[in-house]
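J.: Using UniProt numbering, the first residue of the sequence shown is number 1, and each one after it goes up by one. For glycine and all other residues, C-beta sits at the position ideal for the given N, C-alpha and C. Provided herewith is a single structure, encoded as structure tokens, for subsequent inquiry.
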Amino acid sequence: MDEDVLSTPGHLISLAARGFARLSETRLKPLGFGVGQLPVLVALQDGKASTQRDLARFARVEQPPMAQMLARMERDGLIERTRDPADGRSSRIVLAKAARDGMPEAIAALFQGNEEALAGFTDAEAAQLVGLLKRLIDNLDQIANAESASSDC
């Protein structure tokens, strides 16, 4: 079988992801944000996470890189840490005023970029693409979890 490895879903999705990351970074940088910070910013804005552990889980990254990112975000004035009243060893993380104020413009820039990237797609095609990508991510998560569980044995 003579398949073109450059036409596989994995490769094409990787190219699309890199393209989206470049586009998003270009538009977010002038606003003081980085594309890698998005999951943290959204989780904090929506109240879905407030500890480093929760944020790492939400963003699907390991604790050490999350700690480094949070340290940079704190240095850049995007987040603030306070002692957790229930657990003195832990910190609660909240968006700083600068981040809260800049989020609406950042989100608008991201939505505009997505709209431009989907030029020529119908609303139904765009919705189908999102649905398919969510299913693909779920499949990949299941595979990773199964492989992680089998390597722990």
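Which word fits Leu95, buried or exposed, when buried means at least 16 other C-beta atoms lie within 10 angstroms of its C-beta?
T.: If you number the sequence shown from 1, residue 95 lands on position 95. Per the 10 Å Cβ criterion, buried.
J.: Is the separation between the beta-carbon of Thr122 and that of Ser90 shorter than 8 Å?
T.: Here residue 122 refers to the residue found at position 122 when the sequence shown is read from its first residue. Here residue 90 refers to the residue found at position 90 when the sequence shown is read from its first residue. No, these two residues do not count as a Cβ contact at 8 Å.
J.: Between Leu110 and Arg72, what straight-line distance do the alpha-carbon atoms span, to the nearest angstrom?
T.: The sequence position of residue 110 within the sequence shown is 110, counting from 1. The sequence position of residue 72 within the sequence shown is 72, counting from 1. Taking the straight line joining both Cα atoms gives about 22 Å.
J.: Just how far apart, CA to CA, sit Ala117 and Val35?
T.: Sequence index remark: in the sequence shown, residue 117 carries index 117 (1-based). Sequence index remark: in the sequence shown, residue 35 carries index 35 (1-based). Using only the alpha carbons, I get a separation of about 16 Å.
J.: Smallest Cα separation from Val130: which of Glu115, Gln37, Arg75, Gln142?
T.: As a position in the sequence shown, residue 130 is number 130, starting the count at 1. If we check each option's Cα against that of Val130, Glu115 comes out closest.
J.: Return helix, strand or coil for Asp4, following the three-state DSSP convention.
T.: Counting from 1 along the sequence shown, the entry for residue 4 is found at position 4. Reduced to three states, the DSSP call for Asp4 is coil.
J.: What does the Cβ neighbour count give for Ile137, buried or exposed, with the cut at 16 atoms within 10 Å?
T.: The residue you call residue 137 lines up with position 137 of the sequence shown. Under this definition Ile137 is an exposed residue.
J.: Can you give me the C-alpha to C-alpha distance between Gln63 and Gln45, rounded to a whole angstrom?
T.: If you number the sequence shown from 1, residue 63 lands on position 63. If you number the sequence shown from 1, residue 45 lands on position 45. Each residue's alpha carbon lies about 20 Å from the other.
J.: Which of helix, strand or coil does DSSP assign to Ser90?
T.: Here the question's residue 90 lines up with position 90 in the sequence shown. Three-state result, Ser90: strand.
J.: Given a threshold of 16 other Cβ atoms within 10 Å of its Cβ, counted over all protein chains shown, does Pro9 qualify as buried or as exposed?
T.: Mapped onto the sequence shown, residue 9 falls at position 9. In this structure Pro9 is exposed. Its beta-carbon is surrounded by fewer than 16 other beta-carbon atoms within 10 angstroms.
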